[in-house]
Amino acid sequence: MQSAKELVRKELSHNLKDCAVSSMPSTSEQPGSSTEQKKPGLLDFIKQRRPNTNLTASAVNILRMYLETDPQNEEAEITKAAESAGAFWSSNKHLAPLNTIALKYLAIPATSVPSERMFSKSGYVLSSRRSRLQADAVDQICFINQNYDLIETGKV
């Protein structure tokens, strides 16, 4: 079984690969342009000497930068982040590829249907006929009711 850090690293490298592929210019040539030579640009020699980046290494570096943020040195930033996650990600734009993964997995559900359903089931359990149940018994009954499918299939 893979750790959460490994799963995030894989998804981050996949996102970086998708960004690299989408930002690559298309190399479709015109029919008559094969005889014309492209003039070298002013900075073309830098592009030729620049090594190709390894996407996995980039993902590991971004993840390491995120994990090594020191809360003691960034107290004002952490205070802003506690107020809103958007403020944290806007102040840490150098971690932008990780932002998409954070929004995917750390998002709050748009509805409260599961919690409302649980309160409704608790109301059925605590009917007037069962008014003498203790709080622990009610919690256990609600837990079993909510997770019955997992218990029945033997996954728990």
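The opening position of the sequence shown corresponds to residue 0 in numbering that gives the first Met the number 0, with each subsequent residue numbered one higher. By construction, the Cβ of each residue, glycine as well, lies at the ideal position given by its N, Cα and C atoms.
CA nearest to the CA of residue i, picked from the options
i	options	result
His93	Thr110, Leu105, Leu62	Leu62
Tyr65	Tyr147, Gln133, Ala95	Ala95
Ala56	Met117, Asn144, His13	His13
Met117	Asp148, Asn144, Ala3	Asn144
Asn91	Val112, Glu67, Ala106	Glu67
First through last residue of the alpha helix (DSSP H) which encompasses residue i
i	result
Thr99	95 to 104
Lys120	112 to 124
Asn144	134 to 145
Cβ shell of residue i (< 7 Å), same chain only, five flanking positions each side left out
i	result
Val124	Val137, Ile140, Cys141
Arg162	Lying outside 0 to 155, the shown extent of the chain, residue 162 is not represented and no answer is given.
Glu5	none
Ser157	No information on residue 157 is available, as it lies outside the stretch 0 to 155 that the chain covers here.
Integer-rounded CB distance, given that residue j should sit under 8 Å from residue i
i	j	result
Leu97	Leu11	6 Å
Contacting residues, own chain, Cβ-Cβ under 8 Å from residue i (five flanking each side not counted)
i	result
Ile150	Ile143
Ser32	For Ser32, the predicted model reports a pLDDT of 49, less than 50, meaning its position is unreliable and no value from the coordinates is stated.
Ser126	none
Neighbourhood of residue i by C-beta distance below 6 Å, restricted to the same chain and skipping five residues each side
i	result
Trp88	Asn98
Ser121	Cys141
Interface flag, residue i vs chain D, CB-CB below 8 Å
i	result
Gly122	Protein chain content of the structure displayed is limited to a single chain, and chain D is not contained in it.
Legend entry - Cβ pair count under 8 Å reaching 3, the region 136 to 149 against the region 98 to 106: no
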